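S.K.: Would you mind keeping the following structure in view while I ask a few things?
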Ligand SMILES: *Cc1c(COP(=O)(O)O)cnc(C)c1O
Ligand code: SF4
C-alpha cells in the first residue's frame, strides 16, 4: 500500500537567521517556530511585516480568553482530517507541515504539532470514502498545513482518487507555498496538477513584500498550467491593516494573474489575539479599495463565524431606503438617489 510522504524538507531548511530569546523559545515550545530561508530572506528589520508574521511573540501565551478551535472544526469533522460544514463542499486536511509556521494561523492547534508526520494513508482513505458516499459534495478543498508539502507522488495519488469520484466537480488547493517556498513550484508539479482540471489554487499573500521574483515565477508556472489562481489575505494588525498596503498588494496580485478572493477578519484563535483589528477598520479598507481600483482587485471581506456558522461577507454602509428611493454612496463619498421598484408589476 502506498504511503503519504512529505517532500524532502532539507530543501526548505529552517533558517537560523532568526535567533530566539529564552522567552520566545518558551513560546516556540508551545507553538512551533519555523521559517524557510526564502521567507526569512524577506525580513528587512525586526518588527517589520514579515517578521511579525513568522517570529514568535510573547503575547501568544497570554490570551486565555480565546479558543484553540473557535470554528468548531473538530465538531464538524465526520472522519479525522475532513471538515464538512457546508453541504456541497469539504475541506480535506492532508498535511500539518508548512515551510513557515505563521503566528496567526487559524490552525495553530494543528500545524507543526507533535511528531509532524503526514496523515496516515488510512485517514486519507476514510476521508475519501466519506466523500465517495456523499454525493452532495461537489467541491473538495485540500488544506492543512500546506498540501504542497506532500511529495508529488502522494499528491497525485490523492488527486487521482478524488478525480475518480463522479460527483466531485472541482478540486481546490489552499497553499501558501508560492509565498513561503516558491521553489517547490516546479514544471513537474505543474504538469502533474494540470491533469486534474478543473483545479483551482487559492494562495495566501498578506503583504506586498511577499511579491518577489521567485513568488511571481511560481504563480506564472501555475497560471500557465491553466490553474485559476485566487488569493486569501488575513487582515493583521501591524502587518497589513492599512489601505495603501492592501491596495498595493491587491494590484500586485492581479499582475501575477492572481485574483484577490477574500480578506479574512482574524479568527478568534487562541494565541493570535494580538493580530486582531476592529471590523470598522476592515470596512474602511474595503471602502478605500472599491471604485478606486479595478473591481478585479477587490476581494470579499469576510468573517468566518465562530462555531462553524460559516463565512459572512461584510460591506461598508452604502445604502439607505425611503420608499422606492435608494440613497447610495459613491466611491467618492457622494450621496446619489436611485429610483428602485418596490414591487414587480404586471
Ligand atoms: C472557507 C471554507 C470553505 C470554502 O468556502 P468558500 O466560500 O466556498 O471558499 C469550505 N469549508 C470550510 C469548513 C471553510 O472554512
Ligand atoms: S502556511 Fe497556512 S496553514 Fe501553514 S502556518 Fe501559515 S497560515 Fe497556517
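In this note's numbering, the protein residues as written are 983 to 1328. Don't be surprised by glycine CBs; every beta carbon is placed ideally from N, CA and C. Please read these numbers as outputs of a predicted model, since none were measured by experiment.
Report whether the distance from the Cβ of residue 1158 to the nearest heavy atom of ligand 1 is below 7 Å.
M.R.: Flag unset: Cβ of residue 1158 not near ligand 1.
S.K.: Can you list the beta strand (DSSP E) stretches of 3 or more residues lying completely in the segment 1036–1099, in chain order?
M.R.: Those beta strand (DSSP E) runs which fall completely within the segment 1036–1099 and span 3+ residues are 1064–1068 and 1071–1075.
S.K.: How should residue 1297 be labelled, buried or exposed, when 16 other C-beta atoms within 10 angstroms of its C-beta is the threshold for buried?
M.R.: With fewer than 16 other Cβ atoms within 10 Å, it is exposed.
S.K.: To which residues of the same chain is residue 1200 closer than 6 Å at the C-beta, ignoring the five residues directly before and after it?
M.R.: Once the five neighbours on either side are set aside, the close Cβ partners of residue 1200 are 1160, 1164 and 1167.
S.K.: Is the beta carbon of residue 1063 less than 8 Å from the beta carbon of residue 1106?
M.R.: Yes, Cβ-Cβ distance for residue 1063 and residue 1106 is below 8 Å.
S.K.: Would you list, in sequence order, the uninterrupted alpha helix (DSSP H) runs of no fewer than 4 residues that lie entirely inside the segment 1200–1287?
M.R.: DSSP runs (the alpha helix (DSSP H)) wholly in the segment 1200–1287: 1225–1237 and 1261–1271.
S.K.: Comparing C-alpha positions only, which one of 1142, 1148 and 1246 sits nearest to residue 1228?
M.R.: Nearest C-alpha to residue 1228: 1246.
S.K.: What did DSSP end up calling residue 1198 once you bin it into helix, strand or coil?
M.R.: Reduced to three states, the DSSP call for residue 1198 is helix.
S.K.: Looking at the unbroken alpha helix (DSSP H) that takes in residue 1009, where does it start and where does it end?
M.R.: Segment 1004–1012, the alpha helix (DSSP H) holding residue 1009.
S.K.: Run through DSSP, which three-state label would residue 1027 get?
M.R.: Note: residue 1027 maps to coil in three-state DSSP.
S.K.: By the three-class DSSP mapping on this structure, what secondary structure does residue 1295 have?
M.R.: Three-state DSSP puts residue 1295 in a strand.
S.K.: For residue 999 and residue 1029, what's the separation of their Cα atoms in angstroms?
M.R.: Computed Cα separation, rounded: 14 Å.
S.K.: So, helix, strand or coil for residue 1125, using DSSP?
M.R.: In this structure, residue 1125 counts as strand in the three-state DSSP scheme.
S.K.: At which residues does the beta strand (DSSP E) containing residue 1182 begin and terminate?
M.R.: Start and end: 1181–1185.
S.K.: Taking all protein chains shown into account, decide if residue 1309 is buried (16 or more other Cβ within 10 angstroms of its Cβ) or exposed.
M.R.: That one is exposed.
S.K.: Is residue 1179 near residue 1213, with beta carbons less than 8 Å apart?
M.R.: The answer is no: Cβ separation not under 8 Å.
S.K.: Please work out which residues of its chain come closer than 6 Å, Cβ to Cβ, to residue 1092, disregarding the five sequence neighbours upstream and downstream, and give them in chain order.
M.R.: So the list reads 1078, once near-sequence residues are dropped.
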